[in-house]
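S.K.: If you read the sequence shown in this note's numbering, its first letter stands for residue 67, the second for the next number, and so on.
By construction, the Cβ of each residue, glycine as well, lies at the ideal position given by its N, Cα and C atoms.
Okay, here's the structure, questions in a sec.
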Amino acid sequence: MTMYLEHFGLREPPFRITPHTEFFFSGANRGATLDALLYAITAGEGLVKVTGEVGSGKTMLCRVLMERLPDTVETLYLAVPSLTRDEMLAAIGDELGIDTAGANTTKLIRLLQEKLIGIHASGKQVVALIDEAHAMPLATLEEVRLLSNLETGTEKLLQLVLFGQPELDQHLALPHMRQLKERITHAFTLAPLPPREIRDYVGFRLRAAGYHGPDLFDDEVLAIIAEASEGLTRRINIFADKALLAAYAAGTHTVTPDHARAAVSDTQIVLARRESPRKLAAAAALGVAGGVAIGFALAQLLAAPAGAPQALAPIAPAKAAAMPIPAANVAAAAQPVAAVAPAMPAAPAASPSSGDERTFDARLAAGRELIAGNPRRYSVQLMVADAHSRDYVAGYLAQAAHAVSPDRLYLVPAGSPEAQRLAVLFGAFEERADASLALAALPENLKQFRPYVRPLEGVREDALRAEHR
């Protein structure tokens, strides 16, 4: 999505929806929340909670927190909240370098406590950052309370920070979760950006990406983006990115209100499940022609070979509007920037023109065969992504296939029907020890998401829960 970079004098894309910490915006209380989290963790405050709507910047905050913590704090990052209780304990154990093979719950807790006591004796702290905590099974969430009991006579051995959507508060409000809720010493909320902060946010992202010119987004453009995004940073990024693409397609260096309306209109298929139809109706009526131009430009980019130059000739609005664009192309063009996951089909339709898409479908079919087979085996989970990020996952599979045998990569559903995910697995092993050896031997570029060993029985349960309607 970098076809307009040279056109606007940008060094890199300013509005990527994947979290890059150099684009962390400290306004709108984000910086103050980060400082408070740093204090709570280093002061040994126990259990901390951070909640915010989908796309409010929780994962970005979590990543920046990991970078800013001092060297005396050892960080564990758990991004797979749908683990069972024992799987979570084993995952934490693996992160700490503990051999958890064959250990039951009681032994896992004892091994963790012994390891944490050793780390504490060396003068270090351990903090576990649990992302997407709202999707945790309640039994696993209850285990968080038990982990918070691990302490010396005066200090906690394990700090825990839960990042989740507002549904996490609903879970904590259940009667049998009262004990866990009462242990939360600090609770923070990431509210949507107020309209007055959106100008600063957009300007900051542009400057961080290398832009040095005058403001590209005027007050009217920002007002359209503010209303459509409801202040959620992920949506702001989507609309701002598409508005820039519309201006590029029109051959201009000025983003106009029509470009912003076109960006909102073009994103209806992604946000319709959460947006009010009344809000989008006006933008749809005013932005149809521009939306077609965006769809055409995106379709051109997606159809280009991987090594093709990204700077394309500007497309005049009238010319672009005159060209018929199949609905499927527009939908495919919007897919990489989806903000809300639609219901995932049982088997996503293949795209014969894309090798990555064919790989995606093949590995998803292989994953279904894997979890339908013998559950008393193990696999290495490499990463998890939102189910709607199909193109991202397909690209990841293609890259991973250069490092390991493609036939040993599997794609399986994860998460829940409300928050659907896709997990990428590597290998199938009869013994946990064999899986642990394979994990240790992985090339470094496949360890960026902190992979860990999982029993296939838990993977299958996760997949069944994710697809349950």
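Let me know if residue 475 comes out buried or exposed under the rule of 16 or more other beta-carbons within 10 Å of its beta-carbon.
M.R.: The residue in question, residue 475, is buried, as its Cβ has 16 or more Cβ neighbours within 10 Å.
S.K.: Taking only three categories from DSSP, how would you classify residue 69?
M.R.: Reduced to three states, the DSSP call for residue 69 is coil.
S.K.: For residue 412, collect the residues of the same chain with a Cβ closer than 8 Å to its Cβ; drop the 5 residues on either side in sequence, then sort them by chain order.
M.R.: At residue 412, the pLDDT of 32 sits below 50, so the modelled position is not reliable; the number obtained from the coordinates is stated separately. Closer than 8 Å at Cβ, skipping near neighbours: 533.
S.K.: Looking only at C-alpha atoms, which of 495, 499, 434 and 469 sits nearest to residue 478?
M.R.: Measuring from the Cα of residue 478, the nearest candidate turns out to be 434.
S.K.: Given residue 222, which residues of its chain have a CB within under 6 Å of its CB, disregarding the five upstream and five downstream residues?
M.R.: Once the five neighbours on either side are set aside, the close Cβ partners of residue 222 are 110 and 112.
S.K.: Of the residues 117, 282 and 424, which one's Cα is nearest the Cα of residue 265?
M.R.: Among 117, 282 and 424, the Cα nearest to that of residue 265 belongs to 282.
S.K.: Looking at the strands, I want to know which residues DSSP matches up with residue 444.
M.R.: According to DSSP, which records beta bridges pairwise, residue 444 is partnered with 495 and 521.
S.K.: Using a Cβ distance threshold of 8 Å, determine whether the region 115–128 contacts the region 162–178, with at least three qualifying pairs required.
M.R.: Because the criterion of three Cβ pairs below 8 Å is not met, the region 115–128 and the region 162–178 do not touch.
S.K.: When you compare the CB positions of residue 519 and residue 445, do they come within less than 9 Å of one another, or not?
M.R.: Cβ distance < 9 Å, so residue 519 and residue 445 count as in contact.
S.K.: Is residue 115 near residue 199, with beta carbons less than 9 Å apart?
M.R.: Yes, they are a contact pair.
S.K.: With C-beta atoms as the reference, is residue 512 less than 9 Å away from residue 459?
M.R.: Cβ atoms of residue 512 and residue 459: not closer than 9 Å.
S.K.: Tell me which same chain residues have a C-beta within less than 6 Å of the C-beta of residue 499, skipping the five on either side of it?
M.R.: Taken in chain order, the residues that qualify are 167.
S.K.: Cα separation between residue 181 and residue 91?
M.R.: Taking the straight line from one Cα to the other gives about 36 Å.
S.K.: Where does residue 437 sit, in a helix, a strand or coil, going by DSSP?
M.R.: In the structure shown, residue 437 sits in a helix (DSSP, three-state: H, G or I).
S.K.: Apart from the five residues on each side of it in sequence, which residues of its chain come closer than 7 Å, Cβ to Cβ, to residue 238?
M.R.: 246 and 247.
S.K.: Given residue 83, which residues of its chain have a CB within under 7 Å of its CB, disregarding the five upstream and five downstream residues?
M.R.: Cβ neighbours of residue 83 beyond the five flanking positions: 300, 303, 304 and 403.
S.K.: List the endpoints of the continuous alpha helix (DSSP H) containing residue 237.
M.R.: Start and end: 233–238.
S.K.: Pull the bridge partners of residue 98 from the DSSP assignment, please.
M.R.: According to DSSP, residue 98 bridges with nothing at all.
S.K.: By Cβ distance below 6 Å, which residues in the same chain neighbour residue 147 in space, the five residues on each side in sequence not counted?
M.R.: These residues qualify, in order along the chain: 198, 199, 201 and 202.
S.K.: For the ligand GTP, is there a heavy atom less than 8 Å away from the beta-carbon of residue 473?
M.R.: No copy of the ligand GTP appears in this structure; indeed no ligand is present at all.
S.K.: How many angstroms separate the CA atom of residue 137 from the CA atom of residue 107?
M.R.: Distance between the alpha carbons of residue 137 and residue 107: 13 Å.
S.K.: Residue range of the alpha helix (DSSP H) that residue 254 falls in?
M.R.: Segment 250–256 is the beta strand (DSSP E) holding residue 254; no alpha helix (DSSP H) there.
S.K.: Would you identify the three-state DSSP class for residue 194, choosing helix, strand or coil?
M.R.: Residue state, collapsed to three classes: strand.
S.K.: Taking its Cβ as the centre, do 16 or more other Cβ atoms sit within 10 Å of residue 528, making it buried, or is it exposed?
M.R.: Residue 528 is buried by the Cβ-count criterion.
S.K.: May I have the straight-line CA-CA distance separating residue 438 from residue 230, to the nearest angstrom?
M.R.: Going from the Cα of residue 438 to the Cα of residue 230 covers about 31 Å.
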